[in-house]
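Enquirer: Heads up, the sequence shown is in the numbering used here, so the first residue is 5 and it goes up one at a time. We put the CB at the ideal spot given by N, CA and C, even for glycine.
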Amino acid sequence: MKRALEDAIRLLDILIGDRESYFSGDYLNSEGRKLFEEAVRSILREAPYLRRRISRVRRKGDYNTILSLREDLAILLLKGGQEE
5 MKRALEDAIR LLDILIGDRE SYFSGDYLNS EGRKLFEEAV RSILREAPYL
55 RRRISRVRRK GDYNTILSLR EDLAILLLKG GQEE
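1. In the DSSP assignment, the alpha helix (DSSP H) including Gly36 goes from what residue to what residue?
2. How many angstroms separate the CA atom of Glu10 from the CA atom of Ile47?
3. How many whole angstroms separate the CB atoms of Tyr26 and Leu19, which I take to be in contact at a CB cut-off of 8 Å?
4. What is the DSSP secondary structure of Asp76, reduced to helix, strand or coil?
5. Considering only the beta carbon of each residue, do Ile13 and Arg74 sit closer than 8 Å?
6. Is Asp123 helix, strand or coil when you go by DSSP?
7. Considering only DSSP beta bridges, list what Tyr31 is partnered with.
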């Protein structure tokens, strides 16, 4: 599980770090969505219990929500990938 979460965090870091390229007015643009969906595949492969959370982030698609997801994944990784 650790590897998939690390990959997802890496992809989300790319999204967050290059805000001008992947966001338009604080919301994901089409290129940002592609990268986000790649991260989602990594997350759901190893942590399917996060499906509802991912669904909410997809729907909203703004910078702060994606940043929050990235922080939560980092915490989950530190805890060893265990569901709370």
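Expert: By the coordinates alone:
1. Taking the sequence shown and counting its residues from 1, the one referred to as residue 36 is at position 32. Looking at the DSSP string, the run of the alpha helix (DSSP H) that includes Gly36 is 34-50.
2. Taking the sequence shown and counting its residues from 1, the one referred to as residue 10 is at position 6. Taking the sequence shown and counting its residues from 1, the one referred to as residue 47 is at position 43. Rounded to whole angstroms, Glu10 to Ile47 spans 9 Å at the Cα level.
3. Mapped onto the sequence shown, residue 26 falls at position 22. Mapped onto the sequence shown, residue 19 falls at position 15. With 8 Å as the limit, Tyr26 and Leu19 qualify as a contact, their Cβ atoms being about 5 Å apart.
4. Counting from one through the sequence shown, the residue named residue 76 turns up at place 72. Helix, per DSSP.
5. As a working mapping, residue 13 is identified with position 9 in the sequence shown. As a working mapping, residue 74 is identified with position 70 in the sequence shown. Yes. Within cutoff.
6. In the structure as shown, the chain begins at 5 and stops at 88. Residue 123 is therefore absent and cannot be evaluated.
7. Translated into positions along the sequence shown, residue 31 becomes position 27. Tyr31 is bridged to Ser28, Asp66.
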